[in-house]
Structure formats: C-alpha cells, structure tokens
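As structure tokens, the structure follows; a few thoughts come after it.
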Amino acid sequence: MNSWKPRLCVLALVAGALAVPAGPADAAPTRYEAENATLSQGAVESNHTGYSGSGFVNGDNVAGSYTEWTVDAPGAGTATLALRYANGTTGDRPADLSVNGSVVAASRAFAPTANWDTWATVTLTAQVKAGSNTIRATAATAGGNPNWDYLDADVQVSGFTDYQAETATIARGVVESNHAGYTGSGFVNYDNATGSYVEFQVSAAATGPQSLTFRYANGTTIDRPLSVSVNGAASTRSFPGTGAWTTWNEVTLNATLNAGANTVRATATTADGGPNLDRLRVSGPADTQKPTAPGQPVCGEITHNSLKLDWPPATDDIGVVAYDIYQQGQLIATAPAPPATLTGLTPDFGYQLSVFARDASGNVSLSSPEAACHTLPAPPDDPPSPPGTPAVSGVQPTSATVTWAASTDDGGVRAYLVRDHASGAVLATVTGAPPATSTSVPLECAHTYQLDVVARDTAGQLSAPSAASAAFTTGGCGTVPQTPTSVAGGWDVPWDASWTPDGSFALVTERDTFKVFKVTPSGTKTQVGTVPNVQTTDGEGGLMGLDLSPTWNGTTDQEVFFMHTAAEGNRIAKMNFNGSTLSGYTTILQGIDKNRYHNGGRIRFGPDGYLYATTGDAQQSANAPNLNSLNGKILRLTRTGAAAPGNPFGTRVYSYGHRNPQGLAWDSAGRLWSSELGNSARDELNLIQPGKNYGWPTCEGTCTTSGMTNPKYTWGVAEASPSGIAIVGNTVFMAALRGQRLWRIVLNGENVSTVNSYFNGTYGRLRVVEKVPGAAAIWFGSTNSDNNGDGSADTIRRSAIQ
Numbered sequence: 197m198n199s200w201k202p203r204l205c206v207l208a209l210v211a212g213a214l215a216v217p218a219g220p221a222d223a224a225p226t227r228y229e230a231e232n233a234t235l236s237q238g239a240v241e242s243n244h245t246g247y248s249g250s251g252f253v254n255g256d257n258v259a260g261s262y263t264e265w266t267v268d269a270p271g272a273g274t275a276t277l278a279l280r281y282a283n284g285t286t287g288d289r290p291a292d293l294s295v296n297g298s299v300v301a302a303s304r305a306f307a308p309t310a311n312w313d314t315w316a317t318v319t320l321t322a323q324v325k326a327g328s329n330t331i332r333a334t335a336a337t338a339g340g341n342p343n344w345d346y347l348d349a350d351v352q353v354s355g356f357t358d359y360q361a362e363t364a365t366i367a368r369g370v371v372e373s374n375h376a377g378y379t380g381s382g383f384v385n386y387d388n389a390t391g392s393y394v395e396f397q398v399s400a401a402a403t404g405p406q407s408l409t410f411r412y413a414n415g416t417t418i419d420r421p422l423s424v425s426v427n428g429a430a431s432t433r434s435f436p437g438t439g440a441w442t443t444w445n446e447v448t449l450n451a452t453l454n455a456g457a458n459t460v461r462a463t464a465t466t467a468d469g470g471p472n473l474d475r476l477r478v479s480g481p482a483d484t485q486k487p488t489a490p491g492q493p494v495c496g497e498i499t500h501n502s503l504k505l506d507w508p509p510a511t512d513d514i515g516v517v518a519y520d521i522y523q524q525g526q527l528i529a530t531a532p533a534p535p536a537t538l539t540g541l542t543p544d545f546g547y548q549l550s551v552f553a554r555d556a557s558g559n560v561s562l563s564s565p566e567a568a569c570h571t572l573p574a575p576p577d578d579p580p581s582p583p584g585t586p587a588v589s590g591v592q593p594t595s596a597t598v599t600w601a602a603s604t605d606d607g608g609v610r611a612y613l614v615r616d617h618a619s620g621a622v623l624a625t626v627t628g629a630p631p632a633t634s635t636s637v638p639l640e641c642a643h644t645y646q647l648d649v650v651a652r653d654t655a656g657q658l659s660a661p662s663a664a665s666a667a668f669t670t671g672g673c674g675t676v677p678q679t680p681t682s683v684a685g686g687w688d689v690p691w692d693a694s695w696t697p698d699g700s701f702a703l704v705t706e707r708d709t710f711k712v713f714k715v716t717p718s719g720t721k722t723q724v725g726t727v728p729n730v731q732t733t734d735g736e737g738g739l740m741g742l743d744l745s746p747t748w749n750g751t752t753d754q755e756v757f758f759m760h761t762a763a764e765g766n767r768i769a770k771m772n773f774n775g776s777t778l779s780g781y782t783t784i785l786q787g788i789d790k791n792r793y794h795n796g797g798r799i800r801f802g803p804d805g806y807l808y809a810t811t812g813d814a815q816q817s818a819n820a821p822n823l824n825s826l827n828g829k830i831l832r833l834t835r836t837g838a839a840a841p842g843n844p845f846g847t848r849v850y851s852y853g854h855r856n857p858q859g860l861a862w863d864s865a866g867r868l869w870s871s872e873l874g875n876s877a878r879d880e881l882n883l884i885q886p887g888k889n890y891g892w893p894t895c896e897g898t899c900t901t902s903g904m905t906n907p908k909y910t911w912g913v914a915e916a917s918p919s920g921i922a923i924v925g926n927t928v929f930m931a932a933l934r935g936q937r938l939w940r941i942v943l944n945g946e947n948v949s950t951v952n953s954y955f956n957g958t959y960g961r962l963r964v965v966e967k968v969p970g971a972a973a974i975w976f977g978s979t980n981s982d983n984n985g986d987g988s989a990d991t992i993r994r995s996a997i998q
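All residue numbers in the sequence shown are consecutive under my numbering, ending with 998.
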C-alpha cells in the first residue's frame with residue numbers, strides 16, 4: 197500500500213435557496229484524527245514520523261479508496277476544514293471531497309511534500325448542516341490518496357439565505373440577463389405597470405425577527421417604490437436610482453417570519469413599475485430538514501371506485517402540513533393528515549400507493565412503504581351504448597380526423613377510446629365531462645385501417661365497440677420503423693443500452709438485478725459484471741443509465757459510466773471495461789436526491805465530448821427550479837464529475853425546471869432533445885438549450901408563464917409516459933411505457949412537423965431505444981417485467997428505419 201490523497205472544497209446544496217456563511221466562529225477548531233475515521237481500502241500505520249495522534253491513514257493505491265470523517269456542527273453553516281497530509285511521491289495525488297454525499301470538488305490536487313515524513317495542510321471551506329456531517333476524501337486516480345493525518349473543522353453558523361428573483365413567482369415581468377453584475381442566472385425586469393410583482397417563498401428555521409435585503413438596479417433618475425408584504429402585512433419602501441442598470445444597490449427592512457413557510461411579495465406601486473430585482477437575502481438559516489418517512493399505509497373500506505388509506509404519521513422539526521399520495525409515480529391526492537379517502541378510482545384495478553410527508557417549507561420526506569390495494573368490480577350497471585359509426589376525414593400519411601355520434605350512459609360517459617378495428621389497439625383516448633366526439637388520431641404511414649370507438653363510463657365499464665369505419669389507407673413516408681426482429685430475450689427490466697464506437701457490441705443494464713450484459717449485433721448475450729453500491733427504491737430507482745466513453749477501445753480507454761441509486765441518493769460512477777469484464781469503481785458525482793420515483797437516470801456523451809445526465813425532482817417539485825439543487829435538471833459534466841466548461845451558471849446545471857426527464861439524443865445539427873414524464877396531464881418532448889427553465893412545477897406541458905420554455909410536443913399521459921429516445925435521420929423515436937408504443941416524431945429544425953406511432957400495444961411497455969451505429973436502424977427493449985408491467989420476460993428487438 198502507498199498513501200492516498202483527498203481534496204477539499206465544499207458547496208452547500210439546500211432546497212430552495214443558497215445558504216451563505218457569516219459571523220464569528222462558534223467554537224475553536226475540533227480535530228478529527230484520520231486513524232479514528234472510517235476507511236475503505238486502506239490501513240492505519242505509524243512508520244513515518246511527524247504525525248499527530250496514534251498514527252495516520254495509508255490508503256490503497258487504487259481509485260475509489262477513501263477516508264470518511266464524521267464532523268459535528270452546532271448549527272447549519274460553514275466549516276473551515278484543514279486537512280493535514282503527506283505525499284512522498286513526485287506526482288500529484290488528486291482526490292474528490294464529498295460533504296454529506298455531495299461531491300463538491302472533483303480531482304482536487306494534493307502536491308508532493310518532499311517525503312513521507314513531511315506534512316502539509318490544505319484548508320478550504322464547506323457548507324455543513326446542524327448535527328452530524330460526513331466528510332469523505334476519495335482517491336481520484338489509481339495512485340490513491342496521500343497519507344492522511346487529521347482533519348480540523350471550525351464551524352461558523354450561516355448568517356443568511358439567498359433567494360434568486362428569477363426563480364420566484366413573477367406577475368407582469370420577465371427574466372433577463374442583459375445587464376452585468378447580477379447574481380444567479382439573471383434578474384427580473386418588472387413591467388412598467390402598477391401591480392407588477394415578484395413573490396418569494398421564504399422558509400425559516402424558527403419564528404422571529406429577521407432582516408430582508410433586496411438587491412436591485414434602477415438605471416433611471418426616478419424612484420421606483422415597492423410595497424413589500426410579508427405574509428400579507430405590507431409596507432412601502434423607496435428604490436431610488438442607482439446611476440446605471442449595471443449598478444446594484446440594496447434596500448433592507450425588518451420583519452417577523454414564521455417557522456416554516458413565508459410569502460414575501462414586492463409589488464410596484466407606480467406606473468413606472470419596479471426596479472430590476474436580483475435577489476432577496478434573508479438573515480438566518482432556512483428550514484431545510486425533511487420530515488421523516490410516513491409508516492406503512494393500509495387500505496380499508498374498499499369499494500369499486502374509492503378506498504380509505506391510513507398510515508402512521510411522519511414527524512418534522514417544525515411540523516407536517518400535508519401528505520402527498522402517489523399511485524406509482526403519479527400524484528393522485530393530497531391530505532392534511534391520515535386517513536384519506538380516495539375517490540374516482542378505477543374499478544377492479546390494482547393500485548400501488550405510497551405516501552410522502554411535506555412540511556410548511558415544501559421539504560418532502562422519503563417514501564413510505566408501498567401499499568397494494570385492489571378496488572372491487574363495478575356493481576351491476578348498464579354499460580354505455582355503442583358510439584356511432586366513426587367517419588374519417590382529412591387523411592394524411594401520419595394522421596386522420598375521426599368523428600362519431602355520442603354514446604349515452606346512465607352515470608355519464610368519461611372517455612372514448614379510438615381503436616384499430618383489426619387489432620383492438622387503442623390509438624387515441626379522449627377524456628372530458630363529457631368527452632369530445634371528434635379527435636385527430638396518429639396513424640402509421642402506408643397502412644390500411646378501419647377504426648372503431650369504445651365508450652367508457654364513470655364506473656369504468658366499456659361499451660360494445662361501434663361499427664367499423666370505412667376502410668382507408670394512409671400515404672407513404674420515409675424514416676419508418678419496419679417489422680422488428682428479436683435480438684435477445686430473457687431480460688429483467690433492461691433499462692439502457694450503449695454501443696461501442698465501432699458498433700461491435702452494446703452494453704445493457706438491468707435496473708433491478710444491477711447486472712450489465714454484453715450483447716453482439718447477432719444477439720449473443722453475456723453478463724460482464726455487476727455494478728457495486730447499487731440499491732433499489734422499489735420503484736423507478738436502481739441501475740439505470742450507462743454510456744461507454746466515446747473513445748472506448750478496451751485498452752488505452754476502458755471507461756464506462758453509470759447512473760444508479762445508492763444508499764445516500766443517486767450517483768454517477770465510472771468503471772473499467774476491457775471488452776469482457778467490468779472492474780474498479782469510482783464515484784464521480786453524488787448529492788443527487790433519490791426517492792421511490794422521479795430519479796431520471798439517463799446519461800449520454802454529447803458531440804462536445806462532455807457527459808450529460810438527466811435527474812428527476814425526487815418527488816420534491818421545489819427541487820426543479822432551484823439552481824442550487826442537482827435534481828430536476830439536465831447536468832453537463834466532465835469525466836471527473838466537475839462542471840463542464842461553458843455551462844450557463846458555472847455549475848453542473850445545464851437546464852432546469854424538469855420533473856422527470858428521461859431520453860437524451862442529438863440531431864444532425866447538434867441540437868439536444870429530451871423526453872420528459874408529466875404528472876397527470878401532459879408528457880413532453882423538449883428541445884434543450886443551456887440555461888433555460890422548462891417550467892416544472894409551475895407548468896405541466898405548454899403554458900404562458902413568463903420565463904418558462906415550452907415543450908416542442910406534448911402527449912396525454914395515457915398515450916406516452918416516455919422513456920428513451922433515439923434519432924435517425926432527424927426523426928426521433930421515443931419509447932412509451934404506459935402508452936405501450938414507439939412514437940415517431942419528425943423534426944423540422946427546432947420544431948416538430950409530424951407525429952405518429954408504431955407497434956401500438958404489440959410489445960407492451962417500451963423503455964430503452966438506441967440507434968445502431970453505422971446503420972439506419974434502432975434497438976428497442978420492452979420492460980414488461982417491471983412493477984408496472986404484466987411480469988413477462990423482456991426482449992430487445994431491432995427495427996430497420998426505411
């Protein structure tokens with residue numbers, strides 16, 4: 197063994213705001229000896245002089261070996277960390293430093309110290325929480341870390357919390373960045389109108405007086421006063437000219453905040469509107485503590501369309517204000533306390549229900565255990581009458597308009613299902629109260645159809661199908677998936693696939709077994725290893741995305757990257773693959789929250805050589821617009837997990853405001869596209885551009901809210917629930933889970949021209965789809981063995997695109 201080296205630099209990630217330190221030290225530095233820390237791949241030794249305590253830590257000469265200290269802090273704030281080390285080699289021994297699971301400095305340098313008896317100290321600052329904190333130094337290279345002697349920690353309590361105006365609620369104003377000197381990603385330019393406002397949701401760890409400081413610019417010579425209300429109590433403050441729009445000043449007032457959530461609104465009082473508003477700084481720490489997870493839910497009083505759900509309540513330092521109830525990944529109800537009666541359920545249907553606690557500050561707990569509940573069959577009732585014979589008009593190669601006479605029902609019609617009469621596959625679902633009797637239906641190119649329509653009532657009963665429409669044939673078009681052939685079967689939730697640069701084989705991950713397989717174009721399937729440190733969430737977490745290095749050759753470049761769920765959250769790691777066996781393991785990014793659902797998980801190298809990753813909001817929607825959170829984002833990283841050069845905010849964040857983004861693919865012009873799962877209304881295909889806010893949770897689908905970027909196309913959740921995407925000839929092929937089909941989306945520059953679907957219901961739930969290198973073809977895989985499917989083994993298929 198030789199010594200190993202860490203490195204230190206830390207940034208605090210807190211929900212909704214950035215905590216920044218101020219104030220005097222609360223205590224003298226506390227020393228944490230390395231020989232008392234937790235070790236992985238290393239030993240305590242004493243064969244070199246000059247160490248403190250009873251020895252030092254000599255880590256193994258491997259990437260991934262680490263020493264982890266537990267540091268106690270009297271309150272949330274900033275710790276000055278002094279790490280004493282020795283490096284008797286002639287080369288640097290870089291290390292990653294993580295704080296509470298978040299890597300805050302990748303490949304920090306630890307330079308030579310002349311010999312192993314010479315010790316040096318590296319000092320840096322790190323954000324810590326009140327109570328116990330884990331500080332881990334992990335070797336970033338095969339040389340390992342330096343020898344560790346001790347860690348000294350001096351904690352200062354944070355003095356304030358910043359809230360950026362561009363992520364607040366804006367009424368009659370826009371987010372801009374055309375004047376220098378702002379913080380965050382921009383500022384708010386108020387409309388020149390009385391009543392325009394910016395509203396902040398501010399959390400406080402305790403009730404009491406705090407100062408509120410607004411940072412602003414006013415390039416005019418006229419005062420632009422604002423009425424500042426705190427939980428409804430308002431006072432007016434002057435915001436005079438600052439000399440230029442690039443000159444920023446501050447206005448401070450005092451107010452009493454409540455423990456938990458507070459609403460602070462700054463409203464223009466004159467026709468000139470407000471100044472440009474950069475941020476709100478609030479003295480004192482925010483409430484960032486999550487409630488505990490609720491206990492095991494239990495179903496009772498079950499009927500055909502309702503049930504009572506009860507559960508042991510959660511606890512919180514300030515108090516739980518609501519419980520969110522999910523059916524798998526979809527929010528279906530919110531209750532102030534247990535129990536909750538759920539209504540409007542589908543008869544004779546199996547529900548998988550989980551509960552999440554939410555406090556006044558919007559902090560959301562981890563998931564309760566899941567409850568499996570089955571509603572009763574609907575009571576005897578007359579089903580809806582058959583709809584009228586559908587008439588088809590406006591036939592295009594990829595769509596047609598279908599119109600029919602309404603069905604009748606004693607309890608009311610809830611939906612119409614437009615079907616392929618030959619196969620019974622549902623092509624479109626129309627909902628409403630009552631639902632419309634005309635819709636545009638996506639169709640396959642060059643295909644002969646007859647369509648019928650089925651009505652569904654409020655009890656979930658289906659009518660007899662209508663008579664079939666007259667036969668019609670759609671026109672031909674290019675880039676169409678052909679009848680697929682089987683590549684390899686017997687899979688257990690194949691989640692992602694990545695090809696070698698030369699197309700000689702692909703690697704495929706299995707989400708729930710944590711296994712990785714090598715699959716040749718002819719279908720030979722061989723397990724090459726298992727990714728360590730993976731944990732399931734009993735939902736959508738586990739071993740998810742992977743991507744081989746774009747220059748992988750099995751010798752000088754063996755790197756393959758994975759995204760998976762671990763004990764502390766979701767993480768991105770890399771391993772070595774020589775063509776036959778996976779080996780080694782190095783974490784390159786932690787600090788991505790996990791939950792039962794909404795974990796994102798796709799990773800892809802872009803044309804620029806950097807690694808892109810999708811992260812879900814971890815079922816805490818406030819994560820998505822929060823630029824200090826890694827969740828609800830598309831990240832852009834170097835191979836070490838650091839922020840890639842040129843990122844819009846200087847951090848790892850590339851785009852934000854995402855709920856649960858999934859697929860990633862680039863078109864021929866280098867534009868990035870991503871599919872995204874909606875909640876209960878609309879799924880999305882987005883054109884991803886750096887620094888843009890894609891709307892969640894303010895918007896689901898298209899909206900008109902200022903500062904939000906709308907999707908290029910949306911679907912109802914019953915028709916999509918998208919996962920992977922691939923692009924062939926500037927046509928996107930998108931796998932649909934709940935929709936059980938492959939969507940074909942033809943791009944026209946930055947827009948979508950035509951959309952239709954293939955294999956409707958033929959192969960069940962589809963998840964992975966990947967272009968075959970050097971061919972106009974795709975591989976796509978089913979995922980019917982997951983917790984939402986029918987349990988059948990899955991297959992990966994190949995379809996030529998012609």
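For glycine and all other residues, C-beta sits at the position ideal for the given N, C-alpha and C.
Item	Value
Inter-residue spacing [alpha-carbon to alpha-carbon] between residue 221 and residue 402	Any reading at residue 221 must be qualified, since the residue scores a pLDDT of 34, below 50, and its modelled position is unreliable; no value is offered.
C-alpha gap between residue 764 and residue 687, whole angstroms	28 Å
Coarse secondary structure for residue 329, derived from DSSP in three states	strand
Cutoff 6 Å; reference residue 959; Cβ partners in own chain excluding five residues on either side	978
Reference residue 474; option with closest CA among 807, 866 and 369	369
Among 296, 306 and 287, the one whose alpha carbon lies nearest that of residue 278	306
CA nearest to the CA of residue 445, picked from 559, 425, 472 and 884	472
Which of helix, strand or coil DSSP assigns to residue 557	coil
Residue 221 in three-state terms, based on DSSP	Any reading at residue 221 must be qualified, since the residue scores a pLDDT of 34, below 50, and its modelled position is unreliable; the value itself is stated next. Three-state result, residue 221: strand.
Close-in-space but distant-in-sequence residues of the same chain around residue 580 (CB under 8 Å, 5 per side omitted)	603, 604, 605, 609, 651, 652, 653, 657, 658 and 659
Check whether residue 874 and residue 896 have beta carbons under 8 Å apart	yes
The stretch 285-294 / the stretch 370-378 touching (three or more Cβ pairs under 8 Å)	no
First through last residue of the beta strand (DSSP E) which encompasses residue 721	721-726
Among 363, 810, 463 and 863, the one whose alpha carbon lies nearest that of residue 946	863
Where residue 362 falls: helix, strand or coil (DSSP)	helix
Cβ pair residue 853, residue 870 closer than 8 Å	no
Helix, strand or coil at residue 817 [DSSP, three-state]	helix
Sub-8 Å separation of residue 741 and residue 784 beta-carbons	no
Own chain residues within Cβ distance below 7 Å of residue 985, not counting five before or after	960, 961 and 979
Beta-carbon contacts of residue 467 that lie in its chain and below 6 Å, excluding the five residues immediately before and after	390
Cβ neighbour criterion (16 or more within 10 Å) applied to residue 569	buried
Residue 758 - containing beta strand (DSSP E), residue span	755-761
Status (buried if at least 16 other CB within 10 Å, exposed otherwise) for residue 831	buried
Residue 395 - DSSP class collapsed to helix/strand/coil	strand
Cβ pair residue 799, residue 743 closer than 8 Å	yes
C-alpha distance - residue 655 paired with residue 540, whole-angstrom precision	9 Å
Beta-carbon spacing of residue 685, residue 641 below 8 Å	no
Inter-residue spacing [alpha-carbon to alpha-carbon] between residue 249 and residue 343	14 Å
Identified DSSP bridge partners for residue 933	None; residue 933 has no bridge partner.
Inter-residue CB distance, residue 950 and residue 597 (contact presumed, cutoff 8 Å)	That pair is no contact at about 15 Å.
Inter-residue spacing [alpha-carbon to alpha-carbon] between residue 828 and residue 935	23 Å
Which listed residue (316, 334 and 890) has its alpha carbon closest to that of residue 901	890
Whether residue 915 touches residue 625 by CB criterion (8 Å)	yes
Residue 807 burial status per 10 Å Cβ neighbour count (16 or more: buried)	buried
CB contact flag (residue 393, residue 447, <8 Å)	no
Span separating the alpha-carbon of residue 338 from that of residue 331	21 Å
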